[in-house]
């Protein structure tokens, strides 16, 4: 990776203790968030040398957002990458006619905001109350020149995001409505397991409209698929924001087109 991959177009003021119009910044020097971080192995800096973590703590800041707050908009200068400390974020693109495609959901430990041409390719919005670790891209690039582990970790995060994108292209291009909903639920369940959360009951902080805009269906079709899965005994719906997966293998067979 070259330095241009993670270099911003101009100086970024937000992590210098000012809000820059996006939310209340908490400078790393004042509260030492790296030392208090509870992400464990999910943290971007997990396993880094103490000197590298110290350098990161001097350039990052923690920000908090309320539901529906915008972290950045499509077309804004790509000044920073974000690692989710708590809550859930959605990213989306708007078509000229107003239609929306949600391209991803991010949870605790996930990182987003990478861009290659100096501007963000999507809008990021908080679904729930959100806490993020914000890393200015210019300074991250400068640190990566002397700390190879930072550069390697960035490559890993970007590669993982690319793999998720390929899976999503398959979902949108080749799968039926039930297959899409089943795949979406199982993907969230697998991600919950990897970050140490229960895979079931599964928390759904996003609404049905968000799910529909992510997997290319209507709200009604998503609801019908959920109801069908419940009727067949594959899952329970204790609340609109929770799904209990009762037969994961049967659900996976449907997701794979074998059900």
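Residue numbers (full-length UniProt numbering): 1 to 259. Glycine included, every Cβ here is placed at the ideal spot set by N, Cα and C.
Open item on the list: Once the 5 residues before and after residue 22 are set aside, which same chain residues still bring their CB inside 6 Å of it?
Closed with: Note that residue 22 scores a pLDDT of 39, beneath 50, so its modelled location is shaky and nothing firm can be said.
Task: Bridge partner(s) assigned by DSSP for residue 132 - done: 63 and 84
Open item on the list: Alpha carbons only, please: which of 131, 250 and 54 is nearest the one belonging to residue 186?
Closed with: 250
Open item on the list: I need the DSSP call for residue 183, collapsed to helix, strand or coil.
Closed with: helix
Open item on the list: I'd like to know whether the C-beta atoms of residue 89 and residue 49 end up nearer to each other than 7 Å.
Closed with: no
Open item on the list: Which residue wins for smallest C-alpha separation from residue 136, given the options 241, 83, 234 and 243?
Closed with: 83
Task: residue 121 versus residue 75: straight-line alpha-carbon distance, rounded - done: 6 Å
- [ ] Tell me where the beta strand (DSSP E) around residue 236 begins and ends.
- [x] 235 to 239
Task: 8 Å contact criterion, which residue 208 and residue 219 should meet: CB distance rounded - done: 5 Å
TODO: Determine the DSSP secondary structure at residue 104, reduced to helix, strand or coil.
DONE: strand
Open item on the list: Considering just the uninterrupted stretch of the alpha helix (DSSP H) at residue 255, what are its terminal residues?
Closed with: 248 to 255
Open item on the list: Is the beta carbon of residue 127 closer than 7 Å to that of residue 214?
Closed with: no
Open item on the list: For a test of the three-state rule: what should DSSP assign to residue 258, helix, strand or coil?
Closed with: coil
- [ ] Determine the DSSP secondary structure at residue 152, reduced to helix, strand or coil.
- [x] helix
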